[in-house]
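Quick note: the sequence shown uses UniProt numbering, first residue 1, plus one each step. C-beta atoms are modelled at their ideal positions from N, C-alpha and C, and glycine is treated no differently. Working notes, beginning with the structure itself.
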Amino acid sequence: MEEMIRALQAGDARPDARYGDCSLFPGMRLPPKFKIPKFKIYEGTADPRHHLRHYRGKMLQYWEYEKFVIHSFQDSLSGSALDWFMSLKAEDIPTWEDLSRKFTDQYRYCAETPPTLLELSTKEMA
């Protein structure tokens with residue numbers, strides 16, 4: 001991964017032809033002196049909004065490199081969430097807003113929902 005980052009920073013959009021075109025956005029600009037942050041890994045079982053907030057916080061300093069931020073999102077995923085991301089094409093997620101909307105829609109069932117008034121009224125006082 002670091003070899004690929006160095007090659008892309010040097011302007012070589014295809015650092016290793018053996019892997020073909022692995023990037024969602026070939027030729028994307030990379031931030032200078034970029035170091036991959038440590039992300040909490042999302043597996044598709046928690047609230048997607050929390051993960052998006054965490055990821056955005058870690059990548060905020062690189063936000064002017066939107067394509068890179070979108071491409072790097074895969075580094076914060078595993079399992080079914082990574083499989084979902086890998087099924088996307090660049091046309092599906094041209095902006096961060098598009099990616100975050102699709103991600104939230106995909107994992108909406110995992111979002112924490114506030115209790116209803118009925119649930120609160122029937123809850124026993126501790």
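Beta-carbon proximity list for residue i, same chain, < 8 Å, skipping 5 on both sides
i, result
"Y65", "M28, R29, L30, P31"
"D98", "D92"
"Q74", "L82, F85, M86"
"M59", "P37, V69, S72"
"A111", "D47, P48, R49, T104"
"K89", "L24"
Close beta carbons around residue i, own chain, < 6 Å, minus the five adjacent residues each side
i, result
"A13", "In this prediction, A13 scores a pLDDT of 47, lower than 50, which makes its location untrustworthy; no coordinate-derived value is stated."
"K40", "H54"
"G20", "Only weak support exists for where G20 lies, its pLDDT of 46 falling under 50; the value from the coordinates is given anyway. Closer than 6 Å at the Cβ level, and outside the excluded window around G20, lies no residue."
"F103", "P48"
"R18", "Bear in mind that a pLDDT of 46 at R18, under 50, signals an unreliable position, so the model cannot answer this."
Nearest residue (CA-CA) to residue i, options the options
i, options, result
"K38", "S76, R56, H50", "S76"
"W96", "P48, L52, P114, E112", "L52"
"E43", "Y109, F103, S78", "S78"
"R56", "Q106, S100, T113", "S100"
Where the alpha helix (DSSP H) containing residue i begins and where it ends
i, result
"A46", "Per DSSP, A46 belongs to no alpha helix (DSSP H) and is neither H nor E."
"E112", "Looking at the DSSP string, E112 is not in any alpha helix (DSSP H), and its letter there is neither H nor E."
"L99", "96-106"
Where residue i falls: helix, strand or coil (DSSP)
i, result
"L117", "helix"
"L82", "helix"
"L30", "coil"
"L88", "coil"
"L77", "strand"
"Y65", "coil"
"I36", "coil"
"S72", "helix"
"K58", "helix"
"L24", "coil"
Neighbourhood of residue i by C-beta distance below 7 Å, restricted to the same chain and skipping five residues each side
i, result
"W63", "V69"
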